[in-house]
Structures are given as structure tokens and as C-alpha cells.
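Accompanying notes for the structure given below.
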Amino acid sequence: MKKLLFLLSITTATISLPAQSLAWTTWQDYDTATSTPGLFWNFTADSVLFSPDMISWDVIGGYTFVPNTYKMVDDPIAGCSNVTDTGVYTATFLGDTMWLTLNYDSCTERS
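Mind the numbering: the sequence shown is residues 3 to 113 in my numbering, read in order.
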């Protein structure tokens with residue numbers, strides 16, 4: 003089972019957010035095996051963008067987030083442009099860290 007680790011970026015640390023809301027936050031992923039920082043991820047109201055440098059951003063797809071369940075859809079960059087290619091992940095929050103555990107994703111390029 004794959005796990006992704008996201009740490010809350012300093013840029014959003016001062017924003018007061020409702021419990022378990024991803025909208026208008028920026029996270030950075032880390033390789034849990036090597037503790038190497040990776041891409042930045044920006045969640046808008048309904049879209050996910052990624053950036054290697056927090057300067058230029060590319061839309062990767064849409065998402066929904068309900069308590070502890072994150073769903074990724076419409077991911078043309080990864081070759082998952084079919085709305086049936088939905089990735090479902092369980093989100094676990096611990097302080098400023100969010101773990102995403104893969105439940106199901108029919109898009110093998112993304113999972």
C-alpha cells in the first residue's frame with residue numbers, strides 16, 4: 003500500500019482553516035524512504051496545482067475532500083482524463099502533516 007507524506011507549507015501556516023479543509027492550502031510532498039522534499043501542491047476550491055518552485059503552477063486535476071477521504075479526478079497530465087479514473091485516498095492528519103494512503107486508483111500513472 004502506497005503512502006504519500008505532505009507537510010504544510012510555511013505560506014499557509016498563519017491561515018486559520020476549518021478542520022480537515024484542503025481548500026486554499028499549499029503542501030510539499032516528501033519521499034518517506036529518503037526524506038527528500040519534492041513538489042509543492044496547491045489546493046484551490048476544487049482544483050489541484052503542482053509546482054517544483056512555488057513560482058510556476060500547473061493544474062493537475064480536480065478533487066473533492068470530505069472528512070478523511072480525498073478523491074482526485076480529471077488528471078490529463080498523468081493521462082487520466084476520463085472521469086471514471088478517480089483516485090480515492092484516506093487522509094490522516096497529524097499536526098502539520100497529512101498522510102495520504104491509497105485506497106483505490108484506476109489511473110495507474112497516478113497511483
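Here a beta-carbon is modelled for each residue, glycine too, at the ideal position from N, C-alpha and C.
Endpoints, the beta strand (DSSP E) within which residue i is located
i, result
"Pro69", "Unbroken run through Pro69: none, as it is neither H nor E."
"Ser49", "Ser49 to Ser53"
"Asp107", "Thr99 to Asp107"
"Arg41", "The sequence shown places Leu at residue 41, not Arg. Element bounds for Leu41: Thr38 to Phe45."
"Leu96", "Gly89 to Leu96"
"Trp1", "No answer is possible for residue 1: the residues shown for the chain start at 3 and end at 113."
Presumed contact (8 Å Cβ cut-off) between residue i and residue j, rounded CB distance
i, j, result
"Asn70", "Ala93", "5 Å"
"Phe45", "Trp59", "Contact flag wrong, Cβ pair sits at about 11 Å."
Same chain, Cβ closer than 6 Å to residue i, neighbours up to 5 away in sequence not counted
i, result
"Met74", "Gly63, Tyr65 and Gly89"
"Thr106", "In the sequence as presented, Thr is not what sits at residue 106; that position holds Tyr. Excluding positions up to five away in sequence, the list reads Val90."
Residues near residue i by beta carbon distance below 7 Å, same chain, minus five either side
i, result
"Tyr72", "Tyr65, Tyr91, Ala93 and Leu102"
"Met56", "Phe42"
Proximal residues to residue i (C-beta, below 8 Å), its chain only, five neighbours per side dropped
i, result
"Gly40", "Gln30, Asp31, Tyr32 and Asp33"
"Thr38", "Tyr32"
"Ser23", "Phe67"
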